[in-house]
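J.: I'd like to ask you about the structure that follows.
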Amino acid sequence: LSSAQTPGIKRSAHRSARPLGAPPAAQSGERTNLGRQQPPARLPPMMRDPSMLLREFTFTGYNIMEDGGCRCGGLMLLHNGHEPESSDAQDVLRQRYESSCRQLGVVPVSTVKRSFGRDRLHMRGRPLGPKGTKAVAMSLRNSESISSISIPENNILDDGLLALCDMVNTARRLRELDLSSNGLGERGLAGLCSALLNNNSLAKLDLSHNSITDKEAAFVCKLLENNIHLKQLILSKNAIECNDGGMESALGYNDTLEVLDLSWNRIREEGANSLTKGLYANNGLKDLDLSWNGFSDRSCQGLVTALRKNFVLEKLRLRHNRMSGRSALAIVQTLQQNSSLTTLD
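Residue 1065 in our numbering sits at position 269 of the sequence shown, and the numbers go up by one each step.
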């Protein structure tokens, strides 16, 4: 290009000749001592700080290293304190999963394969379906490391849930199970509750948003009567009425459940009276959510009676019910006698 075409560039009139193979001339202020070792190029932050290489992210977006992981002698420990499975064991799980998918005629999910070797499987809104869920269950059978399974909105239905039941029976360290929004019915819930009777590790169960009625909830109530390990039960956004007395009996028998969420159900006067009788006899529940139901002034009388006797409950949520101000005031007045209740919403 001519200088007219590139006005911002000034071309030197004379250019010193340099023999072929000779090093370029040094710039002003530049050292020319070729024998001196040049400093290394500036490394990116990840290479300068080896700890950044430990940051792993699951497909749910949270940082494993901020959830209890640590580095100990070059070994990353998982949330539950157990060593991660070896690469060979992970390869075996992946091969088993791919083989199960071929057998069932489903496409393997990459996020499932990446989860092998970790202590949790979290996957929301990826429609595994019954067959895809069965492939996962077949792969994780007899797993010694899995502690948390969260697969909401995966349309697993009853067939998928029944496949998971076989795995639940053998998962000795399973602590949390989230099956919300999966279209579960009577057949699947009956199988799950039967399997959990033999499980001594599960502490949290989420069955919300599954259109569960009293008919299906009866299996859950029977589980509560015979399980002393479950600490949290989420049954919100279903169609439970508590009219059959099952929840009353369950709360009367179970003193180990600490959190019960029955919000957004269809609990009206009959069910509310039954539920408050169970609360009257209960000595373990600490957090009860009954918001967005149909508690009336009459049913609140039973609740007041229960709160005068129950000195274990710490949190009670009653917002968006059908109580008048007079009933609300009666509940508040029980705080003068009940010293355990610290949160009333």
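All C-beta atoms, glycine included, are put in the ideal place defined by N, C-alpha and C.
Report the partner residues of R1197 according to the DSSP bridge assignment.
T.: For residue 1197 there is no data in the structure shown, the boundaries of the chain being 797 and 1141.
J.: Can you name the residues that DSSP bridges to V1055?
T.: Taking the first residue of the sequence shown as position 1, residue 1055 is located at position 259. Note: V1055 sits in a beta bridge opposite Q1028, D1083.
J.: Work out the CA separation of L1103 and S906 for me, nearest whole Å.
T.: The residue given as residue 906 occupies position 110 in the sequence shown. The residue given as residue 1103 occupies position 307 in the sequence shown. In a straight line, the C-alpha of S906 is about 50 Å away from that of L1103.
J.: Starting from the C-beta of S779, find all residues in its chain whose C-beta is less than 7 Å away, skip the five residues before and the five after it, and write them out in chain order.
T.: As displayed, the chain neither begins before 797 nor continues past 1141, which places residue 779 out of reach and without an answer.
J.: On the DSSP letters alone, give me the boundaries of the alpha helix (DSSP H) that E972 sits inside.
T.: The residue labelled residue 972 in the question sits at position 176 within the sequence shown. Looking at the DSSP string, E972 is not in any alpha helix (DSSP H); the run it does join, the beta strand (DSSP E), is 972 to 974.
J.: Return the chain-ordered list of same chain residues with a C-beta closer than 7 Å to the C-beta of D1040, the five sequence neighbours on each side being excluded.
T.: Within the sequence shown, residue 1040 is the residue found at index 244, counting from 1. The residues are D1010, A1014.
J.: What residues in its chain sit with their C-beta under 6 Å from that of D1146, if we drop five residues either side in the sequence?
T.: Residue 1146 falls outside the range modelled here, since the chain spans only 797 to 1141, and no answer is possible.
J.: Tell me, please, which residues DSSP counts as bridged to T1009.
T.: Position 213 of the sequence shown, counted from the first residue, corresponds to residue 1009. None; T1009 has no bridge partner.
J.: Buried or exposed: which applies to L1125, given that a residue is buried once 16 or more other Cβ atoms fall within 10 Å of its Cβ?
T.: In the sequence shown, counting from the first residue as 1, residue 1125 sits at position 329. Flag for L1125 reads exposed.
J.: For L1131 versus L1114, is the C-beta distance shorter than 7 Å?
T.: One-based indexing of the sequence shown puts residue 1131 at position 335. One-based indexing of the sequence shown puts residue 1114 at position 318. If you check the CB distance, L1131 and L1114 do not come in under 7 Å.
J.: So F1091 and N1117 are in contact, right, with Cβ under 8 Å, and what is the actual spacing, rounded?
T.: For this step, residue 1091 is matched to residue 295 along the sequence shown. For this step, residue 1117 is matched to residue 321 along the sequence shown. That pair is a contact at about 4 Å.
J.: Taking the C-alpha atoms as reference points, what is the distance between L1026 and N1069?
T.: Position 230 of the sequence shown, counted from the start, is the residue given in the question as residue 1026. Position 273 of the sequence shown, counted from the start, is the residue given in the question as residue 1069. Roughly 25 Å between the two C-alpha positions.
J.: Please report how far the alpha carbon of T1101 lies from the alpha carbon of Y1076, in whole angstroms.
T.: The sequence position of residue 1101 within the sequence shown is 305, counting from 1. The sequence position of residue 1076 within the sequence shown is 280, counting from 1. In a straight line, the C-alpha of T1101 is about 7 Å away from that of Y1076.
J.: So which of L936, I1008, E940 has the shortest CA-CA distance to A1035?
T.: Here residue 1035 corresponds to residue number 239 of the sequence shown, with the count starting at 1. Nearest C-alpha to A1035: I1008.
J.: Going by Cα to Cα distance, which pick from G1074, S911, K1105, L900 is closest to D887?
T.: In the sequence shown, residue 887 corresponds to position 91, counting from 1. The shortest C-alpha to C-alpha distance from D887 to any of G1074, S911, K1105, L900 is the one to S911.
J.: Could you spell out the range, first to last residue, of the beta strand (DSSP E) harbouring K1033?
T.: In the sequence shown, counting from the first residue as 1, residue 1033 sits at position 237. Premise fails: K1033 is in no beta strand (DSSP E) and is neither H nor E.
J.: Considering only C-alpha positions, which residue in the set A967, T966, R968, I952 is nearest to G981?
T.: Residue mapping note: residue 981 aligns to position 185 of the sequence shown, counting from 1. Nearest of A967, T966, R968, I952 to G981, Cα basis: I952.
J.: Straight-line CA distance for M934 to R892?
T.: In the sequence shown, residue 934 corresponds to position 138, counting from 1. In the sequence shown, residue 892 corresponds to position 96, counting from 1. Taking the straight line from one Cα to the other gives about 8 Å.
J.: What is the DSSP secondary structure of T1130, reduced to helix, strand or coil?
T.: For the purposes of this step, residue 1130 is identified with residue 334 of the sequence shown, where counting begins at 1. Of the three classes helix, strand and coil, the one that applies to T1130 here is helix, per DSSP.
J.: Could you give the residue range of the beta strand (DSSP E) that holds L1112?
T.: The residue labelled residue 1112 in the question sits at position 316 within the sequence shown. Run containing L1112: 1111 to 1113, per the beta strand (DSSP E) assignment.
J.: Thinking C-alpha only, which one of D915, T929, A959 is nearest G921?
T.: To locate residue 921, count along the sequence shown from 1; it is residue 125. Nearest option by C-alpha distance: T929.
J.: Between E759 and the rest of its own chain, which residues show a CB-CB distance below 6 Å, the 5 nearest in sequence each way excluded?
T.: The first residue shown for the chain is 797 and the last is 1141, placing residue 759 beyond what the model contains.
J.: Could you give the C-beta distance for L1056 and L1084, rounded to a whole number, given that I count them as a contact under 8 Å?
T.: Within the sequence shown, numbered from 1, the residue matching residue 1056 stands at position 260. Within the sequence shown, numbered from 1, the residue matching residue 1084 stands at position 288. About 5 Å; that satisfies the 8 Å criterion.
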